[in-house]
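Undergrad: Residues in the sequence shown are numbered consecutively from 1, following my numbering.
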Amino acid sequence: MGRRLAKWKLNKGGEKALHSEFIWDGSHLVQEIRHDYKNGTETDRTFTYIYCHPNSYEPLAQCLARTDGQGNRIEHEVNYFHCDQIGIPREMTDSDGKLIWRGRYDAWGGFIRERYPKNTAGIHQPFRLQNQYYDEETGLHYNFLRYYDPITGRFMTQDPIGLKGGMNLYQFAPNVQAWVDPLGLARFCTRALKALPGSSDIDPNFRGGLDLGFFHEHIFMMMELI
1 MGRRLAKWKL NKGGEKALHS EFIWDGSHLV QEIRHDYKNG TETDRTFTYI
51 YCHPNSYEPL AQCLARTDGQ GNRIEHEVNY FHCDQIGIPR EMTDSDGKLI
101 WRGRYDAWGG FIRERYPKNT AGIHQPFRLQ NQYYDEETGL HYNFLRYYDP
151 ITGRFMTQDP IGLKGGMNLY QFAPNVQAWV DPLGLARFCT RALKALPGSS
201 DIDPNFRGGL DLGFFHEHIF MMMELI
């Protein structure tokens with residue numbers, strides 16, 4: 001399925017500094033295991049991700065388990081995501097409801113800055129637009145089937161389904177505030193889903209729609225999101 005399973009990060013001396021492993025459930029990233037190598041010791045952090053719905057890519061919670069090199073548990077906590085209308089995490093809180101992270105983005109999902117309240121530095125929040133994982137090494141977003149550049153607001157490679165995904169092979173979406181592309185394959189308008197059969201609460205001001213250039217299989221998949 002073309003899913004990324006792992007990545008290595010080396011320090012300036014060419015020595016391993018971080019090894020990340022990714023566990024998937026279909027197209028959902030459900031677990032990330034980060035092996036940190038500092039001062040000759042290894043510390044493992046396992047992040048388990050829970051989503052708002054089985055067919056949604058909007059993150060709901062993050063379960064963290066940290067262990068030492070011998071597998072002894074050092075830390076365990078549950079944090080929660082607070083997302084906007086298109087599923088971008090804007091804030092994170094701990095199990096007590098205290099703010100531990102806040103981020104600001106530009107119009108195309110690019111990161112402007114993040115803020116950590118006192119004693120919460122080091123919080124791991126890799127999500128950007130729906131089903132996009134931020135790679136700090138390159139500044140790009142891993143978007144399942146393609147990489148997305150938040151500076152240009154475009155994908156780095158052509159659409160795998162060619163013109164069936166639209167006339168512009170590199171375009172992410174006409175309007176990132178209403179459209180999403182969780183697979184890097186076929187974009188759709190989140191508000192358009194309300195107008196599909198079996199839905200309700202249609203926005204009377206809506207003038208958009210689905211990008212009918214993509215496969216009928218993807219239209220069926222999007223209907224399952226309702």
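Every residue, glycine too, gets a C-beta built ideally from N, C-alpha and C.
(1) Could you spell out where the beta strand (DSSP E) holding A17 opens and where it closes?
(2) Compare the Cα-Cα distances from W108 to each of L129, P89, T120, L60 and report the closest residue.
(3) Answer yes if the segment 29-48 comes into contact with the segment 165-176, meaning at least three C-beta pairs across the two stretches below 8 Å, and no otherwise.
(4) If you draw a straight line from the alpha carbon of E136 to that of E75, how long is it in whole angstroms?
(5) In terms of DSSP beta bridges, what is C63 paired with?
(6) Whose C-beta lies closer than 8 Å to the C-beta of I100 among residues of the same chain, with five residues either side of it excluded?
(7) Which partner residues of W179 appear in the DSSP bridge assignment?
(8) R104: buried (16+ other C-beta within 10 angstroms of its C-beta) or exposed?
(9) How would you label I88, buried or exposed, when you count the other beta carbons within 10 angstroms and need 16 or more for buried?
(10) Using a Cβ-Cβ cutoff of less than 7 Å, which residues in the same chain neighbour L145 once the five nearest sequence positions on both sides are dropped?
(11) Assuming Q245 contacts Y49 (C-beta within less than 8 Å), just tell me the rounded distance between them.
(12) In terms of alpha-carbon separation, which member of F155, Q132, D25, L10 lies closest to P54?
TA: Walking through what the data contain:
(1) 16-25
(2) L129
(3) no
(4) 24 Å
(5) Bridge partners of C63 according to DSSP: T48, V78.
(6) The beta carbon of I100 sits closer than 8 Å to those of N79, M92, T93, D94, Y116, P117, T120, I123, all from its chain and outside the five residues before and after it, given in chain order.
(7) C189
(8) exposed
(9) buried
(10) Shown here for L145: same chain residues with a beta carbon closer than 7 Å to its own, the five before and five after excluded, namely G2, P160, L183, G184, L185 in chain order.
(11) What is shown of the chain runs 1 to 226, which leaves residue 245 out entirely.
(12) D25
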